[in-house]
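Residue numbers (the numbering used here): 2 to 296.
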Ligand SMILES: C[S@@+](CC[C@H](N)C(=O)[O-])C[C@H]1O[C@@H](n2cnc3c(N)ncnc32)[C@H](O)[C@@H]1O
């Protein structure tokens, strides 16, 4: 088994790339990351991710060396490439997406929690979520607030996936949470009261939505004057159950972020014109948080 000692990171990375062409599980020995002056553990975690691998639990060989195993992710096992005949059910209960729990991903959880704190979620009266799916975004709010505060807020979730909505309704069997099956483009037809917080994560960039026009209509028609936004833009792909950094872009074999930056900056500029204070945070998911200035 290869023992890495003085090789540069470039040499190691090239060696891994070559080896992974012929194997799904690559084992090698490294200097113990816990010892001073050796490469730290985070370097190996990042290296595994960059090579589309999962880092399996390291095995200690002796006090100076540790065995690492990189297991190749199955890149076919991704909802991004899965074909589903009924487009409305692309993210439904039978999809790979449904098995994902974003609230258990530290970088997602941290950024979303900070965004909820920045908009003072506990003071909001009506929270509208577009692309609610199975309700994960409401779940974190429930975990953050005490019950009396959570129960006082009206939650409206909109999605076009019947199966995801049925799941969400069973998960939150409370009168203050309502789930609506509707094409987001036609939310006007629901005649909902204006919301004072609109949340939409991983949804507005969907090909079925005219992003820029729709965002403007949200500000003008669906948000109260003192209302706030939390928009989440994926800067990652889910592959074989792992959240891999970097936006997926059409026509590129690697992650490319032009579309992501364009959309985030459009929202930032538009909302600033409308007198919102806007912050951009996050990592695997970029969060745009907007609150009205002077409120
Ligand atoms: C990528 S998922 C994100 C779900 C959830 N916000 C999350 O981050 O886990 C996008 C969601 O938006 C819904 N969706 C996409 N386009 C839609 C449309 N035009 N009308 C209604 N729902 C839509 C999908 O069914 C799906 O549940």
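Glycine included, every Cβ here is placed at the ideal spot set by N, Cα and C. What you are looking at is a predicted structure, and each value in this text was computed from that prediction instead of being measured.
{"Asked": "Contacts around residue 44, its chain only, beta-carbon distance under 6 Å, and the 5 residues preceding and following it disregarded", "Found": "none"}
{"Asked": "Boundaries (first-last residue) of the beta strand (DSSP E) holding residue 127", "Found": "127-131"}
{"Asked": "Straight-line Cα distance separating residue 62 from residue 118", "Found": "45 Å"}
{"Asked": "Residue closest to residue 112, alpha-carbon to alpha-carbon, out of 6, 294, 289, 50", "Found": "289"}
{"Asked": "Contacts around residue 198, its chain only, beta-carbon distance under 8 Å, and the 5 residues preceding and following it disregarded", "Found": "120, 122, 125, 127, 128, 129, 228, 229, 230, 231"}
{"Asked": "Residue 137 beta carbon near ligand 1 (any heavy atom closer than 6 Å)", "Found": "yes"}
{"Asked": "With 16 other Cβ atoms within 10 Å as the buried cut-off, status of residue 161", "Found": "buried"}
{"Asked": "Check whether residue 169 and residue 136 have beta carbons under 7 Å apart", "Found": "yes"}
{"Asked": "Cutoff 7 Å: residue 217 Cβ touching any chain C Cβ", "Found": "Chain labels in this structure do not include chain C; a single protein chain is all it has."}
{"Asked": "Rounded separation between residue 224 and residue 196 - CA only", "Found": "5 Å"}
{"Asked": "C-beta atoms of residue 59 and residue 46 nearer than 7 Å", "Found": "no"}
{"Asked": "heavy atom of ligand 1 below 6 Å from residue 204 C-beta", "Found": "yes"}
{"Asked": "Residues bridged to residue 239 [DSSP beta-bridge criterion]", "Found": "244"}
{"Asked": "Buried versus exposed call for residue 10 [16 or more other C-beta atoms within 10 Å across all chains shown]", "Found": "exposed"}
{"Asked": "C-alpha gap between residue 214 and residue 29, whole angstroms", "Found": "52 Å"}
{"Asked": "Cβ pair residue 157, residue 179 closer than 7 Å", "Found": "yes"}
{"Asked": "Alpha carbon of residue 206 to alpha carbon of residue 2, nearest angstrom", "Found": "46 Å"}
{"Asked": "For residue 172, the three-state DSSP class (helix, strand or coil)", "Found": "helix"}
{"Asked": "Whole-angstrom distance between residue 15 and residue 25, CA atom to CA atom", "Found": "16 Å"}
{"Asked": "Span separating the alpha-carbon of residue 35 from that of residue 65", "Found": "9 Å"}
{"Asked": "C-beta contact flag for residue 256 and residue 242 at 7 Å", "Found": "no"}
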